[in-house]
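See structure below.
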Amino acid sequence: MAKHEHVRVAVIGSGFGGLGAAVRLRREGITDFVVLERADSVGGTWRDNSYPGCACDVPSHLYSFSFAPNPDWPRTFSGQRHIRAYLEHVTDTFGIRPHLRLGHEVRKMTWDSEALRWEIETGQGSFSADVVVSATGPLSDPKIPDIEGLAEFPGKVFHSARWDHDYDLTGKRVAMIGTGASAIQIVPAIQPRVGKLTLFQRTPPWVMRRMDRAISGPERWLHRALPVTGTLRRGLLWGIRELQVGAFTKHPNELGLVEKLAKANIAKSIKDPVLRAKLTPSYRIGCKRILLSSTYYPAVAQPNVDVVAAGLREVRGSTLVAADGTETEVDAIIFGTGFHVTDMPIAERVVGAEGKTLAETWKGGMEALRGATAAGFPNFMTVIGPNTGLGNSSMILMIESQLNYMADYLRQLDVLGGRAALAVRPSAVGAWNRKVQARMERTVWKAGGCESWYLDSNGRNTTLWPGTTGEFRRETRQVDLSEYEVVRAPKPVKPAAAKTRAATRKQEAAQ
Ligand SMILES: Cc1cc2nc3c(=O)[nH]c(=O)nc-3n(C[C@H](O)[C@H](O)[C@H](O)COP(=O)(O)OP(=O)(O)OC[C@H]3O[C@@H](n4cnc5c(N)ncnc54)[C@H](O)[C@@H]3O)c2cc1C
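Under our numbering, the first residue of the sequence shown is numbered 120, with each subsequent residue one higher.
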């Protein structure tokens, strides 16, 4: 018989968001919860992205949980292996393992308006939960564009987030499709090994130098012996990034100076004027994510690298045809083409109070109050939901803010007592979203003259937060009950009353 388990809270996903939620639940004294994860280990982003050169681009002392400082980060920007190990360590330290249900992909979730709970179908049995916390990640489902002829390509094809470590790139003719955050880490890591690397670039990114270095033994010792030094380091990294926010959100012209530095960075490594022109963006810096690498341009300048300044249009056998007609024969294609961000696959699988999926509700664009709760989906919240992304700082700050909100939401449910649910008022979601979108108009992401994955198919930025992380922390400190409707379970019918009603119905039928 298929197994069924009822829990108070079901968390979906075990990346930074899901693990953070699990730790927070335990800290709130809640142990009746599960973490449903489709993969066979924790780590999310840092489990799935194992490509050569994969590392964070926000310094490690800030890109980690405030409640689990790590004095032993090996580098200022640590690599995937260390970040993944850190998440495994957090899982053990905070006793999360017994709550994990690995290999449990959530296939469908339906709100039961009578029982006031979520019915969850997974690949291995079903669950029900009073509250669902969805932390399925904005960058967890790889996107490969629909390219004519790709299915017939005779060589190797994979996405950067699903790296095939069994395939040896040595001496091969390789095409890298895309020049985003992953591609600029992959290119310098594989360029010395491959025979020929062709980079298909639709739009060049702005790339700044990355001040990456090993963290010395004495520094690590100091952070271990005097933890406050680690806190100060984190505080400094945070403060610098908070001060930059105004330029992105209100005064994009202030980014002109940064643009000059980025241009100098190109000039330093790229001597060929034709290549330099190809690699120089024509939009305001910051409009797309500013990428950090000190090795990307030097690698691109090597004789075994070609830049095709046009997207991939078609695949004919082993020949790749770019939008400008350029033809290149290759042995392998690596897609660094990003993820399903504004069309999160989980949204197709969540069916709310009105029988509509979250994807249908978000057809006109994703929106959720404080990035957490969507109208029509009681007792359901997202971690890193709509408009909670950052262009310049650590997502862990935003995750922890959303966990504060989650904790208060559960406290409010406790206070309400009995069988109750909180359903966010559509007017509250609308008001929040109008405020966020109005602020978006002045940002560099909207006004900077680029197209990016921050924008949805309607051209709306439904991914980024147009303020400081401090402001978001204040906005998510507490649940404001006036923004919610309290839903009570329908009263169970008393047996005596039920008998009388049945008798009346019988009498009416006889007449
Ligand atoms: C290569 C790369 C580098 C990055 N570097 C940085 C950085 O330096 N700084 C920064 O701030 N951010 C960075 N990010 C963004 C990063 O995604 C976030 O910082 C953070 O890791 C997201 O955590 P998450 O838990 O929300 O999502 P994820 O880490 O993506 O975890 C989501 C989890 O949900 C699971 N899941 C999804 N769907 C289902 C389902 N239906 N059923 C069950 N389980 C499911 C997935 O398997 C996954 O384990 C980077 C992203 C990438 C891809």
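For glycine and all other residues, C-beta sits at the position ideal for the given N, C-alpha and C. Predicted, not measured: the structure shown is a model, and the values here were computed from it.
Exposed unless 16 or more other CB atoms sit within 10 angstroms - verdict on residue i
i	result
GLU473	exposed
GLU156	buried
MET228	buried
MET664	There is simply no residue 664 to check, as the chain begins at 120 and stops at 630 in what is shown.
TRP340	exposed
ALA396	exposed
ILE305	buried
GLY661	Here the chain covers residues 120 to 630 and nothing more, so residue 661 does not appear.
MET120	Confidence at MET120 is low in this model, with a pLDDT of 49, below 50, so its placement is unreliable and no value can be given for it.
VAL347	exposed
SER601	exposed
HIS223	buried
PRO505	buried
ASP533	exposed
VAL225	buried
ARG332	exposed
ASN372	exposed
LYS379	exposed
PHE135	buried
ASP285	exposed
ASP167	buried
VAL460	buried
Residue i CB to nearest heavy atom of ligand 1 below 7 Å
i	result
GLU224	yes
ARG353	no
SER156	One point to set straight first is that residue 156 is Glu, not Ser, in the sequence displayed. Yes - ligand 1 has a heavy atom lying nearer than 7 Å to the Cβ of GLU156.
GLY137	yes
MET228	no
ASN506	no
ALA302	no
GLY132	yes
PRO392	no
ALA640	It is not possible to answer for residue 640, since the shown part of the chain is limited to 120 through 630.
MET633	Missing from the structure shown is residue 633; the chain here goes from 120 to 630 and no further.
ASN168	yes
ALA557	no
SER259	yes
GLY256	yes
ASP159	no
GLY455	no
ILE503	yes
ASP176	yes
THR476	no
GLY299	no
GLY172	no
GLY163	yes
TYR528	no
TYR524	no
Start-to-end residues for the beta strand (DSSP E) that takes in residue i
i	result
SER245	244–253
THR241	236–241
HIS284	It is not in any beta strand (DSSP E) - HIS284 carries neither H nor E in the DSSP assignment.
THR229	225–231
THR164	Not the beta strand (DSSP E): THR164 falls in the alpha helix (DSSP H), residues 164–167.
LYS315	315–319
HIS125	123–131
ASP649	This structure leaves residue 649 out entirely; the chain is present only between 120 and 630.
VAL460	Taken as a continuous stretch (DSSP letters only), VAL460 belongs to no beta strand (DSSP E), as it is neither H nor E.
First through last residue of the alpha helix (DSSP H) which encompasses residue i
i	result
ARG530	514–535
ALA478	477–480
ARG678	Limits of the chain in this structure are 120 at one end and 630 at the other, which puts residue 678 out of reach.
MET559	545–559
HIS180	Segment: none, HIS180 is in no alpha helix (DSSP H) and carries neither H nor E.
VAL306	302–309
TYR402	Unbroken run through TYR402: none, as it is neither H nor E.
ALA640	Residue 640 is absent from the structure shown; the chain starts at 120 and stops at 630.
Residue i beta carbon near ligand 3 (any heavy atom closer than 7 Å)
i	result
SER513	Because ligand 3 does not appear in the structure shown, any question about it cannot be addressed here, the ligands present being ligand 1.
Within 8 Å, do at least three Cβ pairs link the segment 216–225 to the segment 540–551?
no
Across the segment 297–307 and the segment 320–333, are there enough close Cβ pairs to call them in contact, namely three or more that are closer than 8 Å?
yes
Determine contact between the segment 447–459 and the segment 273–288, defined as no fewer than three beta-carbon pairs at a distance below 8 Å.
Using a Cβ-Cβ distance cut-off of 8 Å, the segment 447–459 and the segment 273–288 are in contact, since at least three pairs of beta carbons, one from each stretch, lie closer than that value.
Does the segment 565–577 touch the segment 520–536, meaning 3 or more C-beta pairs lie closer than 8 Å?
no
For the pair the segment 170–180 and the segment 188–195, tell me if three or more CB-CB distances fall below 8 Å.
yes
With three or more beta-carbon pairs closer than 8 Å as the criterion, would you say the segment 256–263 touches the segment 410–428?
Cβ pair count under 8 Å is below three, so no.
Please determine if the segment 231–242 and the segment 144–152 are in contact, where contact requires at least 3 C-beta pairs separated by less than 8 Å.
no
Is there contact here, the segment 499–516 with the segment 585–593, by at least three beta-carbon pairs under 8 Å?
The answer is yes - the segment 585–593 touches the segment 499–516, with three or more Cβ pairs under 8 Å.
Does the structure place the segment 306–318 close enough to the segment 285–294 that three or more beta carbon pairs sit under 8 Å?
yes
With a cut-off of 8 Å, do at least 3 Cβ pairs link the segment 127–143 to the segment 246–258?
Short answer: they touch.
contact_flag[the segment 530–544, the segment 358–378] where n(CB pairs < 8 Å) is 3 or more
no
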